[in-house]
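Asks: As they're listed, the protein sequences go chains A and B. Under numbering that gives the first Met the number 0, the first residue of the first sequence is numbered 0, with each subsequent residue one higher. Under numbering that gives the first Met the number 0, the first residue of the second sequence is numbered 0, with each subsequent residue one higher.
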Amino acid sequence: MKQEIKFNLNAEAIVLEVSPNELLLEVLRDKLGVKSPKCGCDKGDCGTCTVMINGKTIRSCLVLAIEVDGREVVTLEGLMGSGLTPLQKSFIEHNSFQCGFCTPGMILSATELLAKNSKPEKNEIQEALSGNLCRCTGYTPIIDAITDLTK
Amino acid sequence: MAENKYIGKSTVRIDGKVKVSGAAEFIDDLDFGPDLLFAAIVESKFAHAVINSIDTCEAGKIPGVVKIVTGKDFPFRFGLYMHDRFIFAQDRVRFVGEQIGAVIARDAATALKAAKLVKVEYTELPAILNVEQALAKDAYLIHPELCHYKHVPWFFPKGDTNIAHIRKVRKGDVAKAFKEADFVFEDTYTVPRYAHCAIELHGAVGLYDNSDRLTVWTASQSPYTQRNLFAEALAPLGLSHKDIRVITPFIGGGFGGKAGVSMEILGAALATAVKGRPVKVLWSRRQEFYNTYQRQGLTARIKVGLKKDGTIVAMDNILNWDAGAYVEYGANVVNAAGLSASGPYNIPNVSIDSVCIYTNLPPGGPYRGFGYSEFLFGLESHLNEIAKKMNIDPVELRRKNAIREGDILNYGGKMNANGLLEAIAKVAKEIEWGKKEISSNPNKAIGKGIALFWKAPAMPPNASSSAFLKFNEDGSINILISGMEIGQGLLTAMAQIAAEVLTVPPEKIRVETPDTDRNPYEWQTVGSHVTWGCGRAVESAAIDAREQIFDIVERALGKSRKSLYLENEFVKSHDDKTFMLPLREFIIAGIQKPDGSYRGGPILGRGMFMPEFTSALSDPETSQGGHPNVHYTVGASAIKIEVDRQTGKVKIPKVVLAVDVGKAINPDLIRGQITGGLLQGIATVLYEDMRFNEKGKLINANFTDYKIPTSMDIPDEIIPILIEVPQPDGPSGARGVGEHTMIPCAPMIANAVDDALGIRIKSMPITAEKIAMATRSNDPGQ
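1) Assign H381 of chain B to one of three DSSP states: helix, strand, or coil.
2) Are there 16 or more other CB atoms within 10 angstroms of the CB of R226 of chain B, so buried, or fewer, so exposed?
3) With distances taken Cα to Cα, identify the nearest neighbour of E421 of chain B among B:E185, B:I67, B:V510 and B:S636.
4) Taking CB distances under 8 Å as the criterion, tell me whether S283 of chain B reaches chain A.
5) If you compare alpha carbons, which of B:D106, B:Q89, B:P361 and B:P143 is closest to A194 of chain B?
6) Apply the 10 Å Cβ neighbour rule to Y207 of chain B and answer buried if 16 or more other Cβ atoms are within range, or exposed otherwise.
7) Alpha helix (DSSP H) containing N51 of chain B: first to last residue?
8) Under three-state DSSP, which class holds K306 of chain B?
9) Can you find a C-beta in chain C that's less than 8 Å from the C-beta of C196 of chain B?
10) Count the other C-beta atoms from every protein chain shown that fall within 10 angstroms of the C-beta of G266 of chain B, then say buried if there are 16 or more, exposed otherwise.
11) Which residues in the same chain have their Cβ closer than 6 Å to the Cβ of C45 of chain A, if we skip the five residues on either side of it in sequence?
12) Would you say I13 of chain B and P505 of chain B are within 8 Å of each other, going by their C-beta atoms?
13) Name the one or two DSSP bridge partners that S465 of chain B has.
14) For R226 of chain B, name the three-state secondary structure that DSSP assigns.
15) Taking the straight line between their C-alpha atoms, what separation do you get for E111 of chain A and S43 of chain B?
16) Assuming I770 of chain B is part of the alpha helix (DSSP H), what are its boundary residues?
17) With a threshold of 8 Å between beta carbons, is P140 of chain A in contact with chain B?
18) How far does the beta strand (DSSP E) with I162 of chain B in it extend, from its first residue to its last?
19) Would you please verify whether the beta carbon of D195 of chain A is less than 8 Å from any beta carbon of chain B?
20) So that I know if they touch, is there some Cβ in chain A lying closer than 8 Å to that of S219 of chain B?
21) So is G433 of chain B buried or exposed if we call it buried at 16+ other beta carbons inside 10 Å?
22) State yes or no: is the C-beta of S380 of chain B within less than 8 Å of the C-beta of P746 of chain B?
23) Taking the alpha carbon of A615 of chain B as the point to measure from, which residue in B:G405, B:R775, B:T674 and B:A335 has its own alpha carbon closest?
24) Can you tell me which of the three DSSP states V245 of chain B falls into?
25) Say whether chain A places a C-beta atom closer than 8 Å to the C-beta of Q781 of chain B.
26) Comparing the C-beta of K42 of chain A with each C-beta of chain B, is any distance below 8 Å?
27) Does Q645 of chain B pass the burial test, meaning 16 or more other C-beta atoms within 10 Å, or should it be called exposed?
28) Is L27 of chain A close to chain B, meaning its C-beta is less than 8 Å from at least one C-beta of that chain?
29) Candidates B:I720, B:H164, B:I698 and B:P652: which alpha carbon is nearest D789 of chain B's?
30) At the level of alpha carbons, what is the spacing between E738 of chain B and Q97 of chain A?
31) Determine, using beta carbons only, whether K16 of chain B comes closer than 8 Å to chain A.
32) Could you tell me which residues DSSP pairs with Q98 of chain B in its beta bridges?
33) Quick one: what's T186 of chain A bridged to in DSSP?
34) Distance cutoff 8 Å, beta carbons only. Does T152 of chain A sit that close to anything in chain B?
35) Please classify Q2 of chain A: is it buried, with 16 or more other beta-carbons within 10 angstroms of its beta-carbon, or exposed?
36) Report the partner residues of C40 of chain A according to the DSSP bridge assignment.
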C-alpha cells in the first residue's frame, strides 16, 4: 500500500508516494535523482549513503522513506549554496579524496561534527569519521582538511 | 635545462571540484531511462560440481521477468592471458558463487526473486580447497582440458595436473653456491587471500541496440582491454571491435580489482540477449567479495645461502599460489612474482619455481602489488631471522646485499638506476634505527621493523599508451587518453606533463575518463605504469602539438622555426624579442596572411608510447634470454609499533616510507599514495583475512566480518620520503609508485613484532589474537 510523504529535501518541499518498504537511499537516488548518497554495502557499514535528517547524519540505506515524513533531509547537493563550502575547498587543498566515492558522505559527517564542535581534537575527528569508510586516502588527509578549518 | 614550471609542483587536482561537489558520476549514477532492465545472477551453491540440469520454468512465470539465460546461450571461452573461463558455467561449476545463469527483469527486486526460483540439479565433485590437495597425487582435475586452453606464449601449463603455469628462474649455479655457503637458512611462510574492498561496487550496463552496436558502461580500470575481450568472447555473434564501445565513468576505487574483465562480461553478454534495451548488472557487497578477483594465497618455501660476512650467495624459493578456479588473469601475477621473487638484492645464484595452482576457491587476480606483497612477506621476514641467527644488524644485511644499477636481474637483464641505498639510509635515520625504546607502561613493548621493496610493472611486451591533445578557441586544452583515473590523480599528472611542454597551466587543461569511441588506445591502468607509459604518450602528443604550432608560425609569418619557443601561452622568438603571439589567437582559427587567406587550422597533437625494448620470450626452464620487465621501482619502509603484551593489540606510533619515484610529477599526490597504500597494507597484516568454510564458501563476505580500516585505525605519524633518481625513459624521469606503498607493510610489522616480543609469526595476518597466543606459549612463566 503506497503512502504519501511530505518532507523537505535540500530546502525544497517534496510530496511523494512511496511503498512502506522503500529505503530512503533508493527514493533519493531513483525517484528524486539525487545521486551523491551512494550504495556501498547496503547494510550500514560503509557510510557512502550518509545524509542528514534534521541536522544529524544517518545511513540512508537503513532508513525507510516513510520515516522522513515531516522532516528535513539534506544531502551534499544541499550543502552548497552559491559554491563550494569552506570544508569542500579544504578537501581540495589537502587532497582529502582520491577516487571520490566516499567523499560526499565524508563531507556530511565532517560538516555535522563542525556544526556541533568548532574546535574538535584529532581523536574527536577520527571518531566522527569512523562510520565512513575510505579505501584510498588512509584518512590522514581528510583529518588534515578538517583540522585546518579549526585553526 | 630550464627549471620546470609545472612538473614537480603539487598542483591542486583538476578533478577536485567534480569530486568534492558530488558531481562526479560513477557507474550506478548514470541514467538509462525507464527502459532499463536489471539482471540477477543464479549462483553455484557448490565449490565443485557437475550441473545436471537447470529448470527455469518457475522463474519464468514471475511477472516482470523478461529473459532468462544460462551457459548454453553463451558457449564461448574467454580470458585475459589464458582462455579458461566461460561467461556462464557450462557443464561444471568450480567455486561457490560462480555464475550459472541470469534472470533479466523490469526491476532489480523481481530479477532477484526470480533468480532464487531457478532450480539447478548438481552432482558434487571433490572440492579442492588448498594447494596441498591440488598437488596431491591423483588429485581430482579442476580443468581436465587445461592442455587445450589458448594462452599467452609465456605460460607453461602442465596438462593432467592442477598446475596452470610454472614460472621457473634459474640463474648461476645454485647447487654449487649452496654447497659453498657458510650458512643456509630455510623456512616457510604463508599468506591468505585478501579482498580489494573498493568502496564502489562493480557494475556494468550493456546496450546492444537495433543497429547492432554494443555499448557497455563499466566500472573499470581497463576500457580497451574490456572492449577487446568482449569482442573476442562475443565474436561468434558477429561483433567487430568498431561496433563495440566501452565507456568508463569515474570509478570508486580499483586496486586491481577492476582491471581486466570479471563480472563486466555479463553486461556485454546479457545486452545481446535483450537487444534494443539497456540491461544493468550491479554487484552486491557479498558478490564483490566472492565473484570478482581475490588476492591469491601463497605458501612460500624460502632458502637462502650466505657467506660468513652476510653476503647472500644463493636463493632457492618455491612459491605455491592458491590461484583459484580460473587463472586467466591470476597466472600472470604468479608469473611476475616468479621473475622477481629474490627481492631487491644482488644474488648471483637463484632458483625460483612460482607455481600457479587451480583450487575450487574464487578466481585469484590482480591486487595492488601483484604478488610482490605476498612473497616479500616471507623473504623480508626470513632475512630478519637470518640476521638474528648470524648476529648481523638487519639493516646492514640489507644494505650489504641491496641491488645496484647494472647488477644482473634474474632474467639476465640489468638493474636500472635507483636510489635503494639512499632509501635504506633515510628510513633507518628517520625511525632512529638501533635506538631501543622502552615503554613506560610495563604491559607494552615497543618494536621497530624494516623492510625493502621493489616492483616492476607486469605488462605484455607490446602494452602501449596513446593520447590526443586538442586545443580550443580560447587556448584551453582537452586531452584524450584511456588511462583511467582510479583515485591516484592521473588526470592531474597528465595535465601537468602537457602543461610543461605547452606552457598552458593545468587549470586550463581538461582530461576526462575514457570512452573507446573517442579516446585513443591504452592497454590498462594497472601495474603502476600509467604515469610512466601514458605520461610518455601525453608528452609526445604535446610535443607534436608544439611542432604544429611552430610550423604554422613559420609558414604564415616567416619566423625561423629554430628560433621559436613557447612561454606563458605565447609563441616567442629568440631572434625577435618583440614577437609575442598568443596561442589562443591561432590554434583553431589559423594565422591570416596579408592577402586575407589563412595558414594553419585546429591543432591536434597525437602521441604514442610502446616500450619497444621488452620481450617475454625466454627459455621456459630458466627465464633467461628475454626482457620482460621495463624497470623496477624500489624503496624501503620502517615502522615503530607498540604491542600490548596481554592482548597482542598493535598500535603504530610511526611509519616511514621512502620510495624512488624517478621524478615526482606531483609530490602531494605521491604522498597521498604513500599514506593510503600504507594503511591498506597495514590492514592486511593486522586484521583483514578471508575465511572459507569446509565446503569452500566464503563466510565473511561483508564489512561487518571482514574489517577494513576506519579513521580510528591510522598510524599516529606517517613520514613519506620521495627519492628522485631519474628513470631515463620516463616522462621527466618519472616512474610508477602506486602499488609499492603497500608492499612492505607485512614484513616490517612482522619484524617489529619480533623486535618487541621476540616472536616470529610466519603466517599472515598477524592478528592480536595470534600475537597474544604466541607470547603466552613463548613465556615459560605462563
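Ideal placement from N, C-alpha and C gives every residue a C-beta, glycine not left out.
Replies: Per the coordinate set shown:
1) Within the second sequence, the letter at position 382 stands for residue 381 of chain B. DSSP places H381 of chain B in helix when its eight states are reduced to three.
2) Here residue 226 of chain B refers to the residue found at position 227 when the second sequence is read from its first residue. Flag for R226 of chain B reads buried.
3) For the purposes of this step, residue 421 of chain B is taken as residue 422 along the second sequence, with counting starting at 1. When only C-alpha atoms are compared, the closest one is B:S636.
4) As a first step, residue 283 of chain B is located in the second sequence; it is residue number 284 there, counting from the start. Yes, contact with chain A.
5) Residue 194 of chain B sits at position 195 when you count from the first residue of the second sequence. If we check each option's Cα against that of A194 of chain B, B:P361 comes out closest.
6) Locating residue 207 of chain B in the second sequence gives position 208, where the first residue counts as 1. Under this definition Y207 of chain B is a buried residue.
7) As a first step, residue 51 of chain B is located in the second sequence; it is residue number 52 there, counting from the start. Where N51 of chain B is concerned, there is no enclosing alpha helix (DSSP H), although the beta strand (DSSP E) it sits in stretches over A48 to D54.
8) Locating residue 306 of chain B in the second sequence gives position 307, where the first residue counts as 1. Three-state DSSP puts K306 of chain B in coil, outside helix and strand.
9) The chain labelled as chain C is not found among the protein chains of the depicted structure, namely A and B.
10) Locating residue 266 of chain B in the second sequence gives position 267, where the first residue counts as 1. Buried, because 16 or more other Cβ atoms sit within 10 Å of the Cβ of G266 of chain B.
11) Your numbering for residue 45 of chain A matches position 46 in the first sequence. Cβ neighbours of C45 of chain A beyond the five flanking positions: G39 and L132.
12) For this step, residue 13 of chain B is matched to residue 14 along the second sequence. For this step, residue 505 of chain B is matched to residue 506 along the second sequence. Result yes, Cβ atoms of I13 of chain B and P505 of chain B sit closer than 8 Å.
13) Translated into positions along the second sequence, residue 465 of chain B becomes position 466. Note: S465 of chain B sits in a beta bridge opposite B:M607.
14) Within the second sequence, numbered from 1, the residue matching residue 226 of chain B stands at position 227. The answer is helix: DSSP assigns R226 of chain B an H, G or I state.
15) Translated into the one-based positions of the first sequence, residue 111 of chain A becomes position 112. Translated into the one-based positions of the second sequence, residue 43 of chain B becomes position 44. Cα-Cα distance, rounded: 44 Å.
16) Counting from one through the second sequence, the residue named residue 770 of chain B turns up at place 771. A767 to N777 is the extent of the alpha helix (DSSP H) around I770 of chain B.
17) As a first step, residue 140 of chain A is located in the first sequence; it is residue number 141 there, counting from the start. At least one chain B Cβ lies under 8 Å of P140 of chain A.
18) Taking the first residue of the second sequence as position 1, residue 162 of chain B is located at position 163. Counting along the chain, the beta strand (DSSP E) containing I162 of chain B begins and ends at I162 to K170.
19) Within the shown structure, residues of chain A are numbered from 0 to 150, placing residue 195 of chain A beyond reach of any answer.
20) Along the second sequence, read from residue 1 onward, the residue named residue 219 of chain B stands at position 220. It does not; no Cβ of chain A falls within 8 Å.
21) Start at 1 with the first residue of the second sequence, and residue 433 of chain B comes out as number 434. By the 10 Å Cβ count, G433 of chain B comes out exposed.
22) Within the second sequence, the letter at position 381 stands for residue 380 of chain B. Within the second sequence, the letter at position 747 stands for residue 746 of chain B. Yes, Cβ-Cβ distance for S380 of chain B and P746 of chain B is below 8 Å.
23) Residue mapping note: residue 615 of chain B aligns to position 616 of the second sequence, counting from 1. Ranking B:G405, B:R775, B:T674 and B:A335 by Cα distance to A615 of chain B puts B:A335 first.
24) Against the second sequence, residue 245 of chain B aligns to sequence position 246. In the structure shown, V245 of chain B sits in a strand (DSSP, three-state: E or B).
25) For the purposes of this step, residue 781 of chain B is identified with residue 782 of the second sequence, where counting begins at 1. Since pLDDT at Q781 of chain B reaches only 47, below the 50 mark, its modelled position is unreliable, and no value is offered.
26) Walking along the first sequence from the start, residue 42 of chain A turns up at place 43. So, interface residue.
27) To locate residue 645 of chain B, count along the second sequence from 1; it is residue 646. Its Cβ having fewer than 16 others within 10 Å, Q645 of chain B is exposed.
28) In the first sequence, residue 27 of chain A corresponds to position 28, counting from 1. Cβ-Cβ to chain B under 8 Å: no for L27 of chain A.
29) Nothing about residue 789 of chain B can be reported from this structure: the residues present for chain B run from 0 to 781 only.
30) In the second sequence, counting from the first residue as 1, residue 738 of chain B sits at position 739. In the first sequence, counting from the first residue as 1, residue 97 of chain A sits at position 98. Cα to Cα, E738 of chain B sits roughly 14 Å from Q97 of chain A.
31) The residue you call residue 16 of chain B lines up with position 17 of the second sequence. Interface residue, yes.
32) In the second sequence, residue 98 of chain B corresponds to position 99, counting from 1. Partner(s): B:E42.
33) Residue 186 of chain A lies beyond the residue range present for chain A, which begins at 0 and ends at 150; the question has no answer from this structure.
34) Because chain A spans 0 through 150 in this model, residue 152 of chain A falls outside it and cannot be assessed.
35) If you number the first sequence from 1, residue 2 of chain A lands on position 3. Exposed, by the Cβ-count rule.
36) Your numbering for residue 40 of chain A matches position 41 in the first sequence. In DSSP, C40 of chain A forms no bridge with anything.
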